[in-house]
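According to my numbering, the residues represented by the sequence shown are 142 to 282, in order. Here a beta-carbon is modelled for each residue, glycine too, at the ideal position from N, C-alpha and C. See structure below.
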Amino acid sequence: MHLGAAIVAVAPFSVIFGALFLIDEKKTTVNAQGIRETLNGLTATFKRRELLVVAVFIFLYYFSPGMSTPLYFHMTDDLQFSQAYIGILGSIASAGWVAGALLYRRFFGHMSLRNLLNLSIALGIVTAASFFLLGVKFRLR
Numbered sequence: 142m143h144l145g146a147a148i149v150a151v152a153p154f155s156v157i158f159g160a161l162f163l164i165d166e167k168k169t170t171v172n173a174q175g176i177r178e179t180l181n182g183l184t185a186t187f188k189r190r191e192l193l194v195v196a197v198f199i200f201l202y203y204f205s206p207g208m209s210t211p212l213y214f215h216m217t218d219d220l221q222f223s224q225a226y227i228g229i230l231g232s233i234a235s236a237g238w239v240a241g242a243l244l245y246r247r248f249f250g251h252m253s254l255r256n257l258l259n260l261s262i263a264l265g266i267v268t269a270a271s272f273f274l275l276g277v278k279f280r281l282r
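Structure representation (structure tokens):
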């Protein structure tokens, strides 16, 4: 256990060492005005209505206690999926998330926030229903 912890600790210490000794950087004084402008910009960004609406929507959309655990036990006990296959399914889902993020601007960049939320809710309903249909399909065999 100690050896594993030591191996994992090598990466952060390597980054610290590299940042301190391997990167040449011109030393400058702290610009208080620049820091103040950055903080004001961040404050304005976090006060934007659009960001707050999206953050609340994502929180509520993914706040589904109990969906992942029953699905996991259903896949292992009833469907007899192996741990490796469940991992592959998780990787495929993650690849879908990345592809969706990359294709967002091309296909949905022109849509209003309201239409995006409606589309997201509709697609969420379809995907949640597909989990229930998965159980029905395998019970018919």
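Query: Euclidean distance between Cα positions of Met142 and Ala150; Result: 12 Å
Query: Distance CB(Leu254)-CB(Val194) smaller than 8 Å; Result: yes
Query: Per-residue DSSP class, three states only, for His215; Result: helix
Query: Residue environment, Met216, which counts as buried when at least 16 other CB atoms sit within 10 Å; Result: buried
Query: Span of the alpha helix (DSSP H), counted from its first residue to its last, around Arg189; Result: Run containing Arg189: none; DSSP gives neither H nor E here.
Query: First and last residue of the uninterrupted alpha helix (DSSP H) at Gly237; Result: 224 to 249
Query: Supposed contact pair Phe249 and Leu257 - C-beta distance, whole angstroms, cut 8 Å; Result: 6 Å
Query: Val171 - DSSP class collapsed to helix/strand/coil; Result: coil
Query: Proximity of Leu192 and Thr186 at Cβ, strictly below 8 Å; Result: yes
Query: Nearest-angstrom Cα separation, counted from Ile227 out to Ile148; Result: 28 Å
Query: Phe222 CB to nearest heavy atom of the ligand FMN below 7 Å; Result: As far as ligands go, the structure on display features none, and thus does not contain the ligand FMN.
Query: CA-to-CA distance, Val171 to Leu260, given in whole angstroms; Result: 46 Å
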